[in-house]
Structure formats: structure tokens, C-alpha cells
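Beneath this line is the structure, given in C-alpha cells, with notes to follow.
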Amino acid sequence: MGVEGLTQGIDWRLSLYQNDIDNLIAFRDNTYINYNKAKIKGAEWVGEMDTGLLHHQLTLQYLDARDSDNNLLSRRAKQQLKYQVDWNIADIDIGINYQYIGKRYDTDFNQYPTKRIKLGGVSLWDLTASYPITSHLSIRGRIANLFDKDYETAYGYRTPGREYFLTGSYNF
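Under our numbering, the first residue of the sequence shown is numbered 1, with each subsequent residue one higher.
Below, the structure written as C-alpha cells:
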């Protein structure tokens, strides 16, 4: 279910959802398990606006993901926030992206019996740029995890750290 509008220069939309899942396969206690039922409920608000040369987009997300015993599903943050600002200078599109992923729970499989643990929230920044070389050819660059933040999306699995990307595209 959703609603959208334009209020004082902010183009916004609000979405509410619920997914009822039968036979969700997950991993717990060193084995795959089948949750008979799971329910994922959430809300997402997206707002966009322009201020002079800058284009802003803000996304707020709330998620409540539970199994049939009302336990929180692993690795799913309740709160997420994303902010993106873009501007164009001499045909170069430059963007700064911020993402906050809230705390979430996972399992430490290195202990017996296994132990449920909390992964802390994380703030990530990316920097992007693109330039149209011709009307058909564009190049793009991105620095992901600009400040080289150490974090884990799953307990015990480190992320790569800062990454650099350079891509090109040709449109016929």
C-alpha cells in the first residue's frame, strides 16, 4: 500500500508492506532450517527535492522481520537510512551517497552451543562521478566505502573495505 505527494517542493512517497512467507529457508546452528512461516513487515519513505544545483534524495526504512515463533530473523536491520546528493558541474555528474544500516542479529557458529550476537550499526559513504564523452559514450567512477569502514554484513565475514570502480557504457 502506498501514497505519494508533492509538499512544499518535496516529492515524496510512503509505502507500507507485509510479506507472509511459507517455507523460508535459513541457516541456524550450523544447519539449514525451514521456517514454516515468516512475516516481514515494513515501511519506506522516500523524499526528493532540488535546491539550486543540488538534487537531494532521502530514504527512511523500517523493517520488522520475524519467524512464526516471533523471533527476529537474522541479518535484517530494523532501521536503514540513505541520503544522496547529486550535482552537475560542466557536464560532470557528481554524487555523494550516505547509508546507515542499523543493528541486526546473527549467530556465532564458532561457539558450541552457538550464540546469538548483535552486529552494530554502520555508516557508509560513497563518492560517484560520471561524464558523457560523446552523446553515446559515458564513463563512470565510484569509490565505495570512502572512509574504509570495517564492518560485517554477516558475523565473521569482513567486507572488502574501500573499493574503486571505473566503468564505461555505450548506447546505440
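Every residue gets a Cβ at the ideal spot worked out from N, C-alpha and C, and that includes glycine.
- Note on geometry: alpha-carbon atoms of Y151 and Q8 lie some 38 Å from one another.
- One alpha carbon belongs to Y100, the other to I94, and they sit about 20 Å apart.
- Judged by DSSP in its simplified three-state form, H55 adopts strand.
- Contact between the segment 44-61 and the segment 77-90 is present: 3 or more CB-CB pairs across the two stretches fall below 8 Å.
- By the CB criterion at 8 Å, S15 and E44 fall inside the cutoff.
- Note that the C-beta distance between A129 and R75 is not below 8 Å.
- With a cutoff of 8 Å on beta-carbon distance, L63 and I40 are scored as near each other.
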